[in-house]
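Q: Submitted below is the structure of interest, expressed as structure tokens.
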Amino acid sequence: MIINLLLLIALTIGALWSVLKADLVKAAIALAVTSIILTILMFRFASPLAAVFELSVCAGLITVIFMSTISLTKYRTPQQEEVRQQSRDRRYAALPVLVIAAAGVLTLVGIPMNFALPQAAAVGDVRSVLWNERQLDLLGQMLVILAGFFGISVLFKSKVKAVGRAGAALVRGELPTTATVGDKSQTTVPEMAESRH
Amino acid sequence: MSSLLILVPLIGVLILNLPLGFVKRLAFPFALALAFAQAGLAIFSPLDLWNRVLVTFGGFEAFNLVVDRLSIVLLLSIAIVLFATLLVGWATLQDEKKKFDFANLLILAVVGMNGIVMVRDLFSLYIFLEVVGVTSFVLISLDRDKAGLEGSFKYLILSAVATAMMLTAIALLLMTTGTTSFAGVAAALKSPSYLTVLAVSIFVGGLSIKGGLVPFHGWLPDAYSSAPAGVSVLLAGVVTKTTGIYTVIRLVTTVFGFTPQVKAVLLFVGALSIVVGALAALGQKDFKRMLAYSSISQMGYIILSLGTGSALGIAGAVFHLFNHAIFKTQLFVNAAAVEEQTGTRDMDVMGGLSARMPVTGTTSVVAFLSTAGIPPLSGFWSKLIIIVAVWVSGYHMYAALALLASLITCAYFLSMQRRVFFGTLVEEFKTIKEAKLGILIPEVVLALITIGVGVLFPHILNTFILPIQSILG
Numbered sequence: 001m002i003i004n005l006l007l008l009i010a011l012t013i014g015a016l017w018s019v020l021k022a023d024l025v026k027a028a029i030a031l032a033v034t035s036i037i038l039t040i041l042m043f044r045f046a047s048p049l050a051a052v053f054e055l056s057v058c059a060g061l062i063t064v065i066f067m068s069t070i071s072l073t074k075y076r077t078p079q080q081e082e083v084r085q086q087s088r089d090r091r092y093a094a095l096p097v098l099v100i101a102a103a104g105v106l107t108l109v110g111i112p113m114n115f116a117l118p119q120a121a122a123v124g125d126v127r128s129v130l131w132n133e134r135q136l137d138l139l140g141q142m143l144v145i146l147a148g149f150f151g152i153s154v155l156f157k158s159k160v161k162a163v164g165r166a167g168a169a170l171v172r173g174e175l176p177t178t179a180t181v182g183d184k185s186q187t188t189v190p191e192m193a194e195s196r197h
Numbered sequence: 198m199s200s201l202l203i204l205v206p207l208i209g210v211l212i213l214n215l216p217l218g219f220v221k222r223l224a225f226p227f228a229l230a231l232a233f234a235q236a237g238l239a240i241f242s243p244l245d246l247w248n249r250v251l252v253t254f255g256g257f258e259a260f261n262l263v264v265d266r267l268s269i270v271l272l273l274s275i276a277i278v279l280f281a282t283l284l285v286g287w288a289t290l291q292d293e294k295k296k297f298d299f300a301n302l303l304i305l306a307v308v309g310m311n312g313i314v315m316v317r318d319l320f321s322l323y324i325f326l327e328v329v330g331v332t333s334f335v336l337i338s339l340d341r342d343k344a345g346l347e348g349s350f351k352y353l354i355l356s357a358v359a360t361a362m363m364l365t366a367i368a369l370l371l372m373t374t375g376t377t378s379f380a381g382v383a384a385a386l387k388s389p390s391y392l393t394v395l396a397v398s399i400f401v402g403g404l405s406i407k408g409g410l411v412p413f414h415g416w417l418p419d420a421y422s423s424a425p426a427g428v429s430v431l432l433a434g435v436v437t438k439t440t441g442i443y444t445v446i447r448l449v450t451t452v453f454g455f456t457p458q459v460k461a462v463l464l465f466v467g468a469l470s471i472v473v474g475a476l477a478a479l480g481q482k483d484f485k486r487m488l489a490y491s492s493i494s495q496m497g498y499i500i501l502s503l504g505t506g507s508a509l510g511i512a513g514a515v516f517h518l519f520n521h522a523i524f525k526t527q528l529f530v531n532a533a534a535v536e537e538q539t540g541t542r543d544m545d546v547m548g549g550l551s552a553r554m555p556v557t558g559t560t561s562v563v564a565f566l567s568t569a570g571i572p573p574l575s576g577f578w579s580k581l582i583i584i585v586a587v588w589v590s591g592y593h594m595y596a597a598l599a600l601l602a603s604l605i606t607c608a609y610f611l612s613m614q615r616r617v618f619f620g621t622l623v624e625e626f627k628t629i630k631e632a633k634l635g636i637l638i639p640e641v642v643l644a645l646i647t648i649g650v651g652v653l654f655p656h657i658l659n660t661f662i663l664p665i666q667s668i669l670g
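The listed protein sequences derive, respectively, from chains A and B. Heads up: the first sequence begins at 1 in my numbering, then just goes up one per residue. Heads up: the second sequence begins at 198 in my numbering, then just goes up one per residue.
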């Protein structure tokens with residue numbers, strides 16, 4: 001019980017850290033640490049499969065995706081970073097206080113548990129639950145992944161081609177024209193394409 | 198048969214994206230065929246055929262999908278708006294690749310919406326809401342311009358908050374009831390605890406964000422106005438209705454029930470949306486932003502009617518949902534036509550456009566009169582049912598408010614018509630032409646539906662509207 005409580009406190013601190021840090025890399029790492037603590041909690045609550053998914057997807061894959069995306073954004077100087085952190089601290093200064101206050105109130109008042117929880121159903125194998133009982137949800141998840149694929153195709157694919165065309169023009173010794181793709185010139189996507197290094 | 202509305206479009210999208218050059222040209226005809234097939238099935242198929250398993254392949258088709266009268270109204274609305282969106286998108290988008298991506302995303306969005314109106318499980322509902330959400334984010338930012346990306350980002354952030362709220366509510370309901378199916382949760386909610394009440398409140402709050410109801414409507418005007426023309430038609434016509442309003446109707450009537458607290462909240466939120474939306478629309482210069490605020494106001498009527506908890510109120514809410522899908526789609530198609538020809542959405546620089554765009558001007562008048570509730574158009578009948586339902590349920594103040602807000606609706610639409618279509622033709626636009634055929638066809642079709650539903654109201658009342666009351670069980 002004490003260990004679970006300590007893990008919950010660590011989880012809360014990790015989550016707050018990821019919100020409060022202005023540096024995106026540190027925030028992503030804090031989020032990964034939060035996921036790892038949640039994984040440990042899930043193991044302790046006898047949900048090993050959920051824990052494995054949490055570790056591999058949230059702590060692993062999501063962090064890699066965040067890092068890849070962050071690497072495409074503009075590099076900030078230490079001065080800019082400091083200004084941003086100060087602004088963030090001013091904006092979110094009350095957040096840890098609110099969390100501690102809420103925890104204190106809940107501890108003192110207590111969460112009324114005067115309702116009957118339903119009988120736990122016989123634990124089914126994850127595979128049979130996924131493939132036999134929740135087929136529609138699996139299909140829905142396929143649809144979400146397909147939609148995400150089209151999102152990448154729409155938002156990024158043509159821009160990469162345009163950059164490639166501009167590069168090829170330079171190699172031929174021609175001056176490249178403004179890289180426009182489709183109907184309108186791009187604004188935000190090129191800003192994201194600068195490397196941090 | 199209901200599962201075919203999910204499986205066939207999905208298989209179609211997979212085939213369209215095979216590395217075979219010729220299949221890409223089939224995107225538009227395939228999507229159009231889907232629209233006609235879905236509309237035909239919604240109008241002509243008997244209810245028991247919808248819920249019969251027609252094709253089996255390894256047990257994978259046995260989804261928990263159920264179609265009732267309410268679902269059929271939404272399926273028909275989705276089909277009609279898909280038809281309009283497709284034609285407008287094809288007429289306004291220039292790039293062939295963009296058209297192909299648009300068609301694919303549109304089909305996926307329609308699959309998501311079909312799933313939403315047919316599922317009977319909270320978690321499945323959440324999954325299909327996400328399908329529609331992700332496709333909407335991408336569609337809004339299809340042009341990749343600053344306004345579109347900003348609108349998409351606002352929608353994405355607020356939608357993420359909404360889905361987090363809904364997931365939390367689903368988790369609480371699963372913990373307290375042991376199930377996520379509509380029937381199971383409804384049975385368990387007969388003896389509610391404070392946690393279930395909290396879960397219901399959080400869930401309805403999330404749906405209010407999705408539906409763009411006041412005070413969670415902040416994302417809606419930006420998303421509607423900055424999206425490409427065809428996408429605005431889709432969003433305003435059916436996306437917010439399916440993801441927000443239909444889901445509220447379904448969950449309140451089938452799962453949560455009409456407790457006095459639920460009714461009070463729905464009535465208040467509905468009335469607030471009517472007034473705030475109407476007043477905000479009055480001050481707009483941007484054509485599409487005005488229509489976006491008008492949508493917020495009209496959706497307030499639907500929620501107000503639902504809040505009465507009476508059979509007539511629910512029938513009126515669903516009828517107005519359908520009518521709004523038609524005339525709001527019509528108005529956004531008109532806006533697309535005007536923007537395509539003039540290159541602007543600023544109503545202050547327009548004037549007298551109906552001299553050069555007579556079809557667009559005339560169909561716009563039909564849509565505006567229906568929105569304002571002028572007989573004998575469809576909007577008049579649905580608003581009449583709503584106001585009568587609210588009045589006989591004893592909420593006289595709300596009924597009076599709804600009636601007065603109709604006057605404000607009339608005012609801002611008259612202002613729009615005067616600034617855009619009536620009066621002397623502005624010098625700058627003396628050479629513009631009528632909209633392309635791809636925009637004219639949905640304009641005329643939607644106007645005919647608006648007139649037809651209004652004129653044939655007695656038949657529509659007995660065939661489609663009154664049977665909706667069967668969802669109350």
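Ideal Cβ placement from N, Cα and C applies to all residues, glycine included.
Can you tell me which of the three DSSP states Pro176/A falls into?
A: Mapped onto the first sequence, residue 176/A falls at position 176. In this predicted model, Pro176/A has a pLDDT of only 47, less than 50, meaning its place in the structure is not dependable; the value taken from the coordinates is given anyway. Pro176/A: coil per DSSP, three-state reduction.
Q: Counting C-beta neighbours from all protein chains within 10 Å, is the total for Arg317/B 16 or more, i.e. buried, or is it exposed?
A: Here residue 317/B refers to the residue found at position 120 when the second sequence is read from its first residue. Counting Cβ neighbours within 10 Å, Arg317/B comes out buried, since at least 16 surround it.
Q: Helix or strand or just coil, what does DSSP make of Asp483/B?
A: Looking up residue 483/B in the second sequence gives position 286. Here Asp483/B sits in strand by DSSP.
Q: I want to see whether chain B comes within less than 8 Å of Ala147/A, judged by CB atoms only; does it?
A: In the first sequence, the residue the question calls residue 147/A occupies position 147. So, interface residue.
Q: Spatial neighbours of Trp131/A within its chain, please: C-beta separation below 8 Å, excluding the five flanking residues on both sides.
A: For the purposes of this step, residue 131/A is taken as the residue at position 131 of the first sequence. Only Leu138 meet the Cβ criterion.
Q: Checking the sheet assignment: what are the DSSP bridge partners for Leu262/B?
A: Start at 1 with the first residue of the second sequence, and residue 262/B comes out as number 65. Bridge partners of Leu262/B: Val316/B.
Q: Nearest-angstrom Cα distance between Ser502/B and Leu322/B?
A: As a first step, residue 502/B is located in the second sequence; it is residue number 305 there, counting from the start. As a first step, residue 322/B is located in the second sequence; it is residue number 125 there, counting from the start. Their backbone Cα atoms lie some 23 Å apart in a straight line.
Q: Going by beta carbon distance, what residues of the same chain come within less than 6 Å of Ile646/B, once the five residues before and after it are set aside?
A: For the purposes of this step, residue 646/B is identified with residue 449 of the second sequence, where counting begins at 1. Taken in chain order, the residues that qualify are Ile523.
Q: Under the assumption that Lys580/B contacts His521/B (Cβ atoms under 8 Å), give the Cβ distance between them as a whole number of angstroms.
A: Within the second sequence, residue 580/B is the residue found at index 383, counting from 1. Within the second sequence, residue 521/B is the residue found at index 324, counting from 1. In fact, because the Cβ distance is near 10 Å, the residues do not count as touching under 8 Å.
Q: Which chain B residues sit within Cβ distance under 7 Å of Ser47/A?
A: In the first sequence, the residue the question calls residue 47/A occupies position 47. Within chain B, no residue comes near Ser47/A; the closest Cβ sits about 13 Å away, beyond 7 Å.
Q: In the DSSP output, what is Ser378/B paired with across the bridge?
A: As a working mapping, residue 378/B is identified with position 181 in the second sequence. Paired residues: Asp318/B.
Q: Comparing the C-beta of Pro176/A with each C-beta of chain B, is any distance below 8 Å?
A: Within the first sequence, residue 176/A is the residue found at index 176, counting from 1. Caution is warranted here: a pLDDT of 47 is assigned to Pro176/A, below 50, making its placement in the model unreliable, and no coordinate value can be reported.
Q: Going by C-alpha distance, which of Ala306/B, Val530/B, Thr365/B, Tyr421/B is nearest Ala396/B?
A: Within the second sequence, the letter at position 199 stands for residue 396/B. Cα-wise, what sits closest to Ala396/B is Thr365/B.
Q: For Val473/B, which residues from the same chain have a beta carbon less than 6 Å from its beta carbon, with the 5 sequence-adjacent residues on both sides left out?
A: Along the second sequence, one-based indexing puts residue 473/B at 276. Contacts found: Val411.
Q: What would DSSP say about Asp545/B, mapped onto helix, strand or coil?
A: Within the second sequence, residue 545/B is the residue found at index 348, counting from 1. Reduced to three states, the DSSP call for Asp545/B is helix.
Q: For the region 335-356 of chain B, list every residue whose C-beta sits within 7 Å of some C-beta in chain A, in sequence order.
A: If the cut-off is 7 Å between Cβ atoms, the region 335-356 of chain B has Val335, Ser338, Leu339, Asp340, Arg341, Asp342, Lys343, Leu346 near chain A.
Q: Whole angstroms is fine: what's the gap from Gly209/B's alpha carbon to Gly348/B's?
A: Residue numbering aside, residue 209/B sits at position 12 when the second sequence is read from its first letter. Residue numbering aside, residue 348/B sits at position 151 when the second sequence is read from its first letter. So the alpha carbons of these two residues sit roughly 30 Å apart.
Q: Do the region 388-405 of chain B and the region 357-376 of chain B make contact, defined as three or more Cβ pairs closer than 8 Å?
A: Short answer: they touch.
Q: Measure the Cβ-Cβ separation of Ser338/B and Leu346/B and say whether it is below 8 Å.
A: As a working note, residue 338/B is residue 141 in the second sequence. As a working note, residue 346/B is residue 149 in the second sequence. Cβ atoms of Ser338/B and Leu346/B: closer than 8 Å.
Q: Show which residues of chain A have a CB atom less than 9 Å away from the CB atom of Val466/B.
A: As a first step, residue 466/B is located in the second sequence; it is residue number 269 there, counting from the start. In chain order: nothing, as chain A lies at least about 27 Å away.
Q: Could you please give the first and the last residue of the uninterrupted alpha helix (DSSP H) stretch that includes Trp131/A?
A: For the purposes of this step, residue 131/A is taken as the residue at position 131 of the first sequence. From DSSP, Trp131/A is part of no alpha helix (DSSP H); its letter is neither H nor E.
Q: I want to verify the contact list: residues of chain A whose CB lies under 7 Å from the CB of Leu601/B, in sequence order.
A: If you number the second sequence from 1, residue 601/B lands on position 404. Going along chain A, no residue has its Cβ under 7 Å from Leu601/B, so there is no contact; the nearest lies around 41 Å.
Q: Under 7 Å Cβ-Cβ, which residues of chain B neighbour Gly154/A?
A: On the first sequence, position 154 is the one that residue 154/A refers to. According to the sequence provided, residue 154/A is Val. The question's Gly does not apply to it. What Val154/A touches in chain B: Asp298, Val335, Leu339.
Q: If you check the beta carbons only, do Arg266/B and Pro664/B fall under 8 Å apart?
A: In the second sequence, the residue the question calls residue 266/B occupies position 69. In the second sequence, the residue the question calls residue 664/B occupies position 467. Yes, these two residues count as a Cβ contact at 8 Å.
Q: What is the DSSP secondary structure of Phe661/B, reduced to helix, strand or coil?
A: Reading the second sequence from its first residue, position 464 is the one you call residue 661/B. If DSSP states are grouped into helix, strand and coil, Phe661/B belongs with the helices.
Q: Measuring only between beta-carbons, confirm whether Leu41/A sits less than 8 Å from chain B.
A: The sequence position of residue 41/A within the first sequence is 41, counting from 1. False, the Cβ-Cβ gap to chain B never drops below 8 Å.
Q: Interface residues of chain A around Asn301/B at Cβ under 8 Å?
A: Looking up residue 301/B in the second sequence gives position 104. In chain order: Phe150.
Q: Quick check: what's the CA-CA separation for Val556/B versus Val285/B?
A: Along the second sequence, read from residue 1 onward, the residue named residue 556/B stands at position 359. Along the second sequence, read from residue 1 onward, the residue named residue 285/B stands at position 88. Their backbone Cα atoms lie some 15 Å apart in a straight line.
Q: How would you write the range of the alpha helix (DSSP H) that Gly644/B sits in, first residue to last?
A: Residue mapping note: residue 644/B aligns to position 447 of the second sequence, counting from 1. According to the sequence provided, residue 644/B is Ala. The question's Gly does not apply to it. It spans 634-652 - the alpha helix (DSSP H) in which Ala644/B sits, taken as one unbroken run.
Q: What separation, rounded to the nearest whole angstrom, lies between the Cα atoms of Pro176/A and Met310/B?
A: Residue numbering aside, residue 176/A sits at position 176 when the first sequence is read from its first letter. Residue numbering aside, residue 310/B sits at position 113 when the second sequence is read from its first letter. Low confidence applies here, because Pro176/A scores a pLDDT of 47, under 50, leaving its location unreliable and the question unanswered by this model.
Q: List, in order along the chain, the chain B residues whose C-beta lies closer than 8 Å to that of Val144/A?
A: Mapped onto the first sequence, residue 144/A falls at position 144. In chain order: Ile324, Glu327, Val328, Val331.
Q: Does any CB atom of chain A fall closer than 8 Å to the CB of Ile367/B?
A: For the purposes of this step, residue 367/B is taken as residue 170 along the second sequence, with counting starting at 1. It does not; no Cβ of chain A falls within 8 Å.
Q: From the DSSP output, in three-state form, read off Thr77/A for me.
A: Taking the first residue of the first sequence as 1, we reach residue 77/A at position 77. In this structure, Thr77/A counts as coil in the three-state DSSP scheme.
Q: Within the continuous alpha helix (DSSP H) that includes Phe233/B, where are the two ends?
A: Your numbering for residue 233/B matches position 36 in the second sequence. Counting along the chain, the alpha helix (DSSP H) containing Phe233/B begins and ends at 224-241.
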